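Those protein sequences? They're chains P and H, same order as listed. Using my numbering, you'd call the opening residue of the first sequence number 159 and step up by one each time. Using my numbering, you'd call the opening residue of the second sequence number 159 and step up by one each time. Step one of this worksheet: look at the structure below.
Protein chains: 2
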Amino acid sequence: MSVQERKQRERAERERLIVATARELAEQQGWDAVTTRRLAERIEYSQPVLYSHFRGKREIIGAVALEGAADMAAAVRAAARTADGPRARVTALARAYLDFAARNPAVYDAMFQLDGGLAFAQEDTPEPLKDAFAALLESLGEVAGDGVHPGLFTEVFWAALHGLATLTRAGRLPPEETERRTQLLVDRLAVL
Amino acid sequence: MSVQERKQRERAERERLIVATARELAEQQGWDAVTTRRLAERIEYSQPVLYSHFRGKREIIGAVALEGAADMAAAVRAAARTADGPRARVTALARAYLDFAARNPAVYDAMFQLDGGLAFAQEDTPEPLKDAFAALLESLGEVAGDGVHPGLFTEVFWAALHGLATLTRAGRLPPEETERRTQLLVDRLAVL
DNA sequence: CTCGCTTGTCTAGCGGTGCTAGGATCGAGC
DNA sequence: GCTCGATCCTAGCACCGCTAGACAAGCGAG
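Encoded structure:
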């Protein structure tokens, strides 16, 4: 059995390599540059090898998105942990979210902009996505206000953050004012 | 001169045909289906004709986006006009915005999701885009609240709407609750 | 230790993409 | 009626995602 185990380990290792390389390449040169040929060359295997791990390019994007969701959940929780009180927590969360999107644009695209073939807000939603939402809910739920469903409030707050993140990164909103916009959002939406 | 004028007219007419066909095709089958070959076939010309009007596919997307921006500005203004009082106006505006995004997904993508090579929030931003933002500002500026810059407030409100629109359409948010989310957003963000 | 077979990988290629060079055609102006 | 320039199309380039089929490596059985 040891031989098979080793092979399985190597296979899993190579799969991680593919995802990490795709993420790196996308972050360096944008997702347009992530072609199956270039990706195969970087991992020093031929193209068809990719298809023995993933059904297609879409699934590779999906894998990067899941990895990114886990990272984002961790970043948001870490930020919330360092803050005292609901208001500071929400502010820290918002900053962490926007910061993550700004620093990892390709990963953020994989999560929300591109088609990674992932299901959302459904039963078969992958665990990392549900957990990322849960990370938001933990801090945002406590400022939803009376009579407002915490989940619904989190959705709205999240949507606002998502809008700010994408519009800023697309050059639709000048980035200098990000902090003021964040403050306004927290001041108005959160019930403190 | 009459001959040249006729030719110019026909050329302009054909350009409109290209943009309208691209929009129609995108709305029917998604932007992935809008290839230069299919587009050329639909307008009953050969591919290179497209390139005598536009620098490339990106510019065609940009043209659809500009057309969409004008439509959206009109839709938003029309909705705001029918409502009495600031609060009703803002609610109507929000509904009209989300409705436009839901009813014209391909156009909305051209405006905000895809790369149409358009500049935003800059001097050389095309007029229709500036005007669409102005249409939002007209109704939203009056509920910004004291001491809050109307432009900044509009940016935040717009970002929230954009987030709701994209996340909903991408299946990230269940569409049944759209109205409740809209209400929450208006209640909290607008100062009435 | 050798042989056969499974497993894994690669080469080569398909149909499609955006885009363009260069030749054919057509019609305006003399 | 002829010339010549504007206009358009045919053909093709390099690249894309994806896959069939040839080939080699390494395992287990005899």
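All C-beta atoms in this analysis are idealised placements derived from N, C-alpha and C, irrespective of residue type, glycine included. A quick note: this is a predicted structure, and the numbers were derived from the prediction, not measured.
* Is G305/P helix, strand or coil when you go by DSSP? -> Start at 1 with the first residue of the first sequence, and residue 305/P comes out as number 147. Three-state DSSP puts G305/P in coil, outside helix and strand.
Answer with yes or no whether the minimum CB distance from E313/P to chain H is below 8 Å. As a first step, residue 313/P is located in the first sequence; it is residue number 155 there, counting from the start. So yes, E313/P belongs to the interface.
* Asked: Got a sec: is the Cβ-Cβ distance from A223/H to anything in chain P below 8 Å?
  -> Stepping through the second sequence from its first residue, residue 223/H is reached at position 65. Not a single C-beta of chain P is nearer than 8 Å to the C-beta of A223/H.
Across the segment 260–274 of chain P and the segment 292–306 of chain P, are there enough close Cβ pairs to call them in contact, namely three or more that are closer than 8 Å?
Because the criterion of three Cβ pairs below 8 Å is not met, the segment 260–274 of chain P and the segment 292–306 of chain P do not touch.
* Sort M230/H, I218/H, E171/H and A184/H by Cα distance to A290/H and report the nearest one. => Here residue 290/H corresponds to residue number 132 of the second sequence, with the count starting at 1. Closest option to A290/H, Cα to Cα, is M230/H.
Using C-beta distances below 7 Å, list every residue in its chain close to M159/P, excluding the 5 sequence neighbours before and after it, in chain order.
One-based indexing of the first sequence puts residue 159/P at position 1. Note that M159/P scores a pLDDT of 47, beneath 50, so its modelled location is shaky; the value from the coordinates is reported in the next line. Once the five neighbours on either side are set aside, M159/P has no close Cβ partner at all.
Check your understanding: Smallest Cα separation from L251/H: which of P263/H, A232/H, R216/H and A223/H?
Key -> Numbered from 1 along the second sequence, position 93 holds the residue referred to as residue 251/H. When only C-alpha atoms are compared, the closest one is A232/H.
Which residues mark the beginning and the end of the alpha helix (DSSP H) in which V234/H is found? Working through the second sequence from its first residue, we reach residue 234/H at position 76. Unbroken alpha helix (DSSP H) run through V234/H: K215 to R239.
**Message:** Quick check: L208/P and L224/P, are their CB atoms within less than 8 Å of each other?
**Reply:** Counting from one through the first sequence, the residue named residue 208/P turns up at place 50. Counting from one through the first sequence, the residue named residue 224/P turns up at place 66. Contact: no.
Item checked: Contacts around T312/P, its chain only, beta-carbon distance under 8 Å, and the 5 residues preceding and following it disregarded -> Locating residue 312/P in the first sequence gives position 154, where the first residue counts as 1. Its chain contains F291, L294, L295, L298, G299 and A302 as the residues whose beta carbon lies nearer than 8 Å to that of T312/P, once the 5 sequence neighbours on both sides are disregarded; these appear in chain order.
With distances taken Cα to Cα, identify the nearest neighbour of L347/H among Q187/H, L175/H and W316/H. Along the second sequence, read from residue 1 onward, the residue named residue 347/H stands at position 189. With distances taken between Cα atoms, L347/H lies closest to W316/H.
Identify, in the order they occur along the chain, each residue of the same chain with its Cβ nearer than 6 Å to the Cβ of V349/H, setting aside the five sequence neighbours on each side.
Within the second sequence, the letter at position 191 stands for residue 349/H. By the criterion of a C-beta distance shorter than 6 Å, V349/H is surrounded in its chain by V301 and G303, once the five residues flanking it on both sides are discounted.
Discussion item. Residues of chain H with CB closer than 9 Å to the CB of Q205/P, please, in chain order.
Written reply: Reading the first sequence from its first residue, position 47 is the one you call residue 205/P. None at all; the shortest Cβ gap to chain H is about 22 Å.
**Message:** Taking 7 Å as the limit between beta carbons, can you name the residues of its chain near L272/H, skipping five residues before and five after?
**Reply:** Position 114 of the second sequence, counted from the first residue, corresponds to residue 272/H. Excluding residues within five positions, the ones whose Cβ falls inside 7 Å are W189 and I219.
Check your understanding: In the segment 173–216 of chain P, which residue ranges form an unbroken alpha helix (DSSP H) of at least 4 residues, counting only runs that do not cross its ends?
Key -> Look at the segment 173–216 of chain P and you find these whole runs of alpha helix (DSSP H), each 4 residues long or longer: 194–200 and 205–211.
- Using DSSP with H/G/I as helix, E/B as strand and the rest coil, what is M159/P? The residue you call residue 159/P lines up with position 1 of the first sequence. Confidence at M159/P is low in this model, with a pLDDT of 47, below 50, so the placement of that residue is unreliable and no value is reported for it.
Quiz item: Mind checking G243/H: buried by the 16 CB within 10 Å criterion, or exposed?
Solution: One-based indexing of the second sequence puts residue 243/H at position 85. When all chains shown are included, G243/H counts as exposed.
I want to verify the contact list: residues of chain P whose CB lies under 7 Å from the CB of V306/H, in sequence order.
As a working mapping, residue 306/H is identified with position 148 in the second sequence. Close partners of V306/H in chain P (Cβ separation under 7 Å): L342.
With E285/H as the anchor, note down where its alpha helix (DSSP H) starts and where it stops. Reading the second sequence from its first residue, position 127 is the one you call residue 285/H. E285 to L298 is the span of the alpha helix (DSSP H), which, as asked, contains E285/H.
Return helix, strand or coil for D345/P, following the three-state DSSP convention. Residue mapping note: residue 345/P aligns to position 187 of the first sequence, counting from 1. Looking at D345/P - three-state DSSP - the assignment turns out to be helix.
Does the CB of L325/P have a neighbour CB from chain H at under 8 Å? The residue given as residue 325/P occupies position 167 in the first sequence. Interface residue, yes.
Tell me where the alpha helix (DSSP H) around F258/P begins and ends. In the first sequence, residue 258/P corresponds to position 100, counting from 1. Counting along the chain, the alpha helix (DSSP H) containing F258/P begins and ends at G243 to R261.
When the Cα of L310/P is compared with those of A318/H, A227/H and L342/H, which residue comes out closest?
-> Indexing the first sequence from 1 puts residue 310/P at position 152. The residue with the shortest Cα to Cα distance from L310/P is L342/H.
(message) V177/P and R339/H - do their beta-carbons sit closer together than 8 Å?
(response) Translated into the one-based positions of the second sequence, residue 339/H becomes position 181. Translated into the one-based positions of the first sequence, residue 177/P becomes position 19. R339/H is not a Cβ neighbour of V177/P, given a cutoff of 8 Å.
Q) So with Cβ pairs under 8 Å, would you call E335/P a contact of chain H? A) Residue mapping note: residue 335/P aligns to position 177 of the first sequence, counting from 1. For E335/P, the nearest beta carbon of chain H is closer than 8 Å to its own beta carbon.
Nearest-angstrom beta carbon gap, A318/P and G321/H [assumed within contact, 8 Å]:
The residue you call residue 321/H lines up with position 163 of the second sequence. The residue you call residue 318/P lines up with position 160 of the first sequence. Rounded to the nearest angstrom, the Cβ distance from G321/H to A318/P is 6 Å, consistent with a contact under 8 Å.
Query raised in the report: Are the Cβ atoms of Y255/H and V222/H separated by less than 8 Å?
Result: To locate residue 255/H, count along the second sequence from 1; it is residue 97. To locate residue 222/H, count along the second sequence from 1; it is residue 64. Taking the C-beta atoms as reference points, V222/H is found no nearer than 8 Å to Y255/H.
Alpha carbon to alpha carbon, what distance is there between G274/H and V344/P? By one-based count along the first sequence, residue 344/P stands at place 186. By one-based count along the second sequence, residue 274/H stands at place 116. If I take the Cα positions, the gap works out to 32 Å.
Amino acids of chain H, ordered along the chain, whose beta-carbon sits closer than 7 Å to that of R216/P
As a working mapping, residue 216/P is identified with position 58 in the first sequence. Result: empty, since nearest Cβ-Cβ is about 12 Å, beyond 7 Å.
Q) Do P286/H and A228/H have their CB atoms nearer than 8 Å? A) For the purposes of this step, residue 286/H is taken as the residue at position 128 of the second sequence. For the purposes of this step, residue 228/H is taken as the residue at position 70 of the second sequence. With a cutoff of 8 Å on beta-carbon distance, P286/H and A228/H are scored as near each other.
key: Beta-carbon spacing of H211/P, E173/P below 8 Å   = What you label residue 211/P is simply residue 53 of the first sequence in a count that begins at 1. What you label residue 173/P is simply residue 15 of the first sequence in a count that begins at 1. Yes, they are a contact pair.
With DSSP run on the structure shown, which of helix, strand or coil describes L272/P? Residue numbering aside, residue 272/P sits at position 114 when the first sequence is read from its first letter. In this structure, L272/P counts as coil in the three-state DSSP scheme.
DSSP-derived helix/strand/coil call for L350/P: Residue 350/P sits at position 192 when you count from the first residue of the first sequence. Annotated three-state conformation of L350/P is coil, per DSSP.
Are the Cβ atoms of F278/P and G329/H separated by less than 8 Å? In the first sequence, the residue the question calls residue 278/P occupies position 120. In the second sequence, the residue the question calls residue 329/H occupies position 171. With respect to G329/H, F278/P sits close: the two C-beta atoms are nearer than 8 Å.
Would you please verify whether the beta carbon of G321/H is less than 8 Å from any beta carbon of chain P? Your numbering for residue 321/H matches position 163 in the second sequence. G321/H counts as touching chain P.
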